[in-house]
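*Asks:* Here it is, the structure, as structure tokens.
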Amino acid sequence: MDGDGDPESVAQPEEASPEEQQEEACAEEANAGEEQPEEVEEEEAAYLDELPEPLLLRVLAELPAAELVQACRLVCLRWKELVDGAPLWLLKCQQEGLVPEGGAEDERDHWQQFYFLSKRRRNLLRNPCGEEDLEGWCDVEHGGDGWRVEELPGDCGPEFIHDDSVKKFFASSFEWCRKAQVIDLQAEGYWEELLDTTQPAIVAKDWYSGRSDAGCLYELTVKLLSEHEDVLAEFSSGQVAVPQDSDDGGWIEVSSEALGRRGGARARWAGLVETLPQGRGRAPRGEVEGPRAKKSRRSGGGSVRQGGVAWVGLGVPSLTVPLTPQISHTFTDYGPGVRFVRFEHGGQDSVYWKGWFGARVTNSSVWVEP
């Protein structure tokens with residue numbers, strides 16, 4: 212038969228070339244190599260599963276937190292229970308130096324939550340010291356000659372001795388200058404269930420100062436907002452007056468740790484703290500005591516003294532404070548639905564001089580406590 216009908220030519224395949232044989236051998240070796248790691252992983256998992264729990268916890272504690280939650284807890288029921296339990300996260304906190312305020316380790320149940328909140332703890336405000344001019348700030352009101360960023364300490368101003376990294380400040384003018392930031396808590400990594408159920412403390416702080424040659428006014432307002440920007444809780448310092456030629460020149464720290472509408476303001480002097488009834492705006496006689504107590508100047512409806520404990524009301528039209536207190540207000544138990552924090556502050560001078568003789572602000576901060 213010719214080539215078209217030769218049975219041998221039909222039945223017998225062509226012999227592979229040496230190059231093709233080499234490629235097939237390499238492919239077989241690659242396939243064999245792919246199977247080997249899987250076998251090794253199974254053996255390692257079996258070995259780890261046989262470890263005593265304290266030793267296994269130490270092994271797991273060396274892994275990144277994201278791997279523990281996203282992968283390790285899916286391996287088996289035992290690993291899931293370990294990852295969801297408190298001992299593993301307590302160990303990770305100890306290894307990374309994350310300690311609750313006051314060091315009360317025995318009183319904390321949710322160590323996993325404490326770990327993740329501690330790792331996220333940071334200033335949520337952008338450009339707090341004016342390094343980028345007014346970038347990040349919204350609803351900017353330029354009263355008088357408007358806001359201006361200046362280098363510390365500025366003319367007739369005190370040094371900022373509390374943080375060497377702070378180099379600049381915002382100076383206000385002869386009419387009210389205001390600016391704000393709105394923080395999206397979910398966009399910053401704080402999930403809905405955490406905000407609605409745990410309701411971690413939300414803290415805001417601000418530093419302000421005046422010039423030695425001009426009096427000024429300062430005001431801070433912090434609001435917790437819902438998804439639709441309804442106000443769920445609010446703190447306001449009221450207008451705080453810094454007198455001209457004050458003997459206590461320096462930067463003042465104002466902290467707001469929110470208690471919601473039900474609470475009052477707290478003023479700290481020399482380690483003494485008094486929680487104030489809402490609406491109380493003047494220090495009654497006899498309630499301000501202490502070895503360092505002395506009268507300060509009054510302005511408007513407020514009265515405070517340096518040293519001891521003083522009443523400070525919310526909504527006081529104008530309040531003169533010494534330069535050592537920390538006025539604080541705490542947002543806890545603020546209820547479900549909080550999604551945004553609005554931070555707004557402002558100032559002006561009290562002498563109505565052209566230029567930038569008003570309140571100075573810098574190093575503002577907002578963060579979520581673990």
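When we follow our numbering, the leftmost residue of the sequence shown carries the number 212, and every step to the right adds one.
A virtual CB, placed ideally from N, CA and C, is assigned to each residue, including glycine.
Here the structure is a predicted model, which is why all the values come from computation and not from measurement.
State yes or no: is the C-beta of residue 349 within less than 8 Å of the C-beta of residue 410?
*Replies:* For residue 349 and residue 410, no; Cβs fall outside 8 Å.
*Asks:* Could you check which residue in 445, 463, 291, 571 has the C-alpha nearest to that of residue 427?
*Replies:* Closest option to residue 427, Cα to Cα, is 571.
*Asks:* Relative to the alpha-carbon of residue 407, which residue among 567, 545, 283 has its alpha-carbon at the smallest distance?
*Replies:* Residue 407 has its Cα closest to that of 545, out of 567, 545, 283.
*Asks:* Could you give the distance in angstroms between the alpha-carbon of residue 400 and the alpha-carbon of residue 328?
*Replies:* When rounded, the distance between both Cα atoms is 9 Å.
*Asks:* Determine, using beta-carbon pairs with one atom in the region 560-577 and one in the region 351-365, whether at least three such pairs fall under 8 Å.
*Replies:* Yes, they touch.
*Asks:* Go through its chain and collect everything with a Cβ distance to residue 390's Cβ below 8 Å, but skip five positions before and after it.
*Replies:* Here the set comprises 345, 348, 349, 350, 351, 352, 358, 381, 555, 556, 557.
*Asks:* Is residue 301 near the ligand NAP, with its Cβ less than 7 Å from a heavy atom?
*Replies:* Among the components modelled here there is no ligand, and therefore nothing to report on the ligand NAP.
*Asks:* So, is residue 378 buried or exposed, given that buried needs 16 or more other C-beta atoms within 10 angstroms?
*Replies:* With fewer than 16 Cβ atoms within 10 Å of its Cβ, residue 378 is classed as exposed.
*Asks:* Please state the DSSP three-state secondary structure of residue 486.
*Replies:* Residue confidence is low: residue 486 scores 31 on pLDDT, short of 50, so the model does not pin down where it sits. No coordinate-derived value is stated.
*Asks:* In terms of DSSP beta bridges, what is residue 353 paired with?
*Replies:* In DSSP, residue 353 forms a bridge with 388.
*Asks:* Please say whether residue 268 and residue 259 have beta carbons closer to each other than 8 Å?
*Replies:* Contact: no.
*Asks:* Taking the continuous alpha helix (DSSP H) assigned at residue 329, which residues delimit it?
*Replies:* First-last of the alpha helix (DSSP H) with residue 329: 322-331.
*Asks:* What is the DSSP secondary structure of residue 363, reduced to helix, strand or coil?
*Replies:* Looking at residue 363 - three-state DSSP - the assignment turns out to be coil, as it is neither helix nor strand.
*Asks:* Looking at the secondary structure, which residues open and close the beta strand (DSSP E) in which residue 442 lies?
*Replies:* Unbroken beta strand (DSSP E) run through residue 442: 442-447.
*Asks:* Could you compute how far the alpha carbon of residue 584 sits from the alpha carbon of residue 397?
*Replies:* Since the first residue of the chain shown is 212 and the last is 581, residue 584 is not available in this structure.
*Asks:* What's the call for residue 553, buried or exposed, on a 16-neighbour Cβ count within 10 Å?
*Replies:* When all chains shown are included, residue 553 counts as buried.
*Asks:* Please name the residue in 339, 429, 402 whose C-alpha comes closest to that of residue 585.
*Replies:* Nothing can be reported for residue 585, as the shown portion of the chain is limited to 212 through 581.
*Asks:* Excluding the five sequence neighbours on either side, which residues of its own chain have a C-beta within less than 7 Å of the C-beta of residue 322, listed in chain order?
*Replies:* 297, 300, 301, 304, listed in sequence order.
*Asks:* Report the partner residues of residue 556 according to the DSSP bridge assignment.
*Replies:* In the DSSP output, where bridge partners are listed per residue, residue 556 has 390, 431.
*Asks:* What are the partner residues of residue 571, as DSSP defines its beta bridges?
*Replies:* In the DSSP output, where bridge partners are listed per residue, residue 571 has 382, 420.
*Asks:* Leaving out five residues before and five after residue 336 in sequence, what residues of the same chain have Cβ atoms less than 8 Å from its Cβ?
*Replies:* So the list reads 347, 392, 394, 554, 575, 576, 577, once near-sequence residues are dropped.
*Asks:* Compute the distance between the beta-carbons of residue 418 and residue 573, then report whether it is under 8 Å.
*Replies:* Yes. Within cutoff.
*Asks:* Helix, strand or coil: how does DSSP classify residue 375 here?
*Replies:* Reduced to three states, the DSSP call for residue 375 is coil.
*Asks:* With a threshold of 16 other CB atoms inside 10 Å of the CB of residue 308, please say whether the residue is buried or exposed.
*Replies:* With fewer than 16 other Cβ atoms within 10 Å, it is exposed.
*Asks:* Can you grab the Cα-Cα spacing for the pair residue 342 / residue 363, in whole Å?
*Replies:* Computed Cα separation, rounded: 12 Å.
*Asks:* Report the CB separation of residue 325 from residue 581 in whole angstroms; it is logged as a contact under 8 Å.
*Replies:* 5 Å between Cβ atoms; contact.
*Asks:* Got a sec? Which residues, its chain only, sit under 7 Å from residue 386 by beta carbon, not counting five neighbours each side?
*Replies:* Excluding sequence neighbours, residue 386 sits near 354, 355, 559.
*Asks:* Give a yes or no on whether the C-beta atoms belonging to residue 283 and residue 294 are separated by under 8 Å.
*Replies:* Yes, they are a contact pair.
*Asks:* Residue range of the alpha helix (DSSP H) that residue 272 falls in?
*Replies:* Unbroken alpha helix (DSSP H) run through residue 272: 264-272.
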